[in-house]
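Read through the structure below, which is laid out as structure tokens, and then see the notes.
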Amino acid sequence: MKKQKRDRTSTLFNRGFVAGLNGKTRDSCPVQAVELRSHWMSGWREGREAHWGGMSGVSAIQSNPSLH
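First residue of the sequence shown: 20, per my numbering; consecutive thereafter.
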């Protein structure tokens with residue numbers, strides 16, 4: 020059975036969210052292309068908000084339906 024590949028932008032958003040949730044700085048963004056970097060940064064911002072809100076692990080992921 021074939022796996023359905025995810026859209027690159029959603030993957031970058033999810034990775035940015037996890038990075039923000041783990042307290043990483045925005046300088047740790049692995050993407051240089053401006054268009055794709057914006058998706059990572061959006062996820063990172065939401066992850067930082069969750070981190071500052073005291074969410075961690077599963078509670079943070081459950082609060083963000085795009086990560087399901």
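Yeah, the Cβ is synthetic: ideal placement off N, Cα and C, and Gly gets one too.
- Same chain only: Cβ atoms within 8 Å of Ser61, ignoring 5 sequence neighbours per side: Phe32, Gly35
- Should Gly42 be labelled buried (16 or more other beta-carbon atoms within 10 Å of its own) or exposed? exposed
- Helix, strand or coil at Arg56 [DSSP, three-state]: helix
- Taking just the CA atoms, how far does Gly73 sit from Val37? Going from the Cα of Val37 to the Cα of Gly73 covers about 14 Å.
- Task: Within the same chain, show all residues whose beta-carbon is closer than 6 Å to that of Gln40, passing over the 5 residues directly before and after it, in chain order.
- Result: For the sequence presented, residue 40 should be read as Leu rather than Gln. Here the set comprises Gly66, Ala69, His70, Ala79.
- May I ask you to report which of helix, strand or coil DSSP gives Gly72? Looking at Gly72 - three-state DSSP - the assignment turns out to be coil, as it is neither helix nor strand.
- Would a C-beta distance cut-off of 8 Å place Arg27 and Leu55 closer than the cut-off? yes
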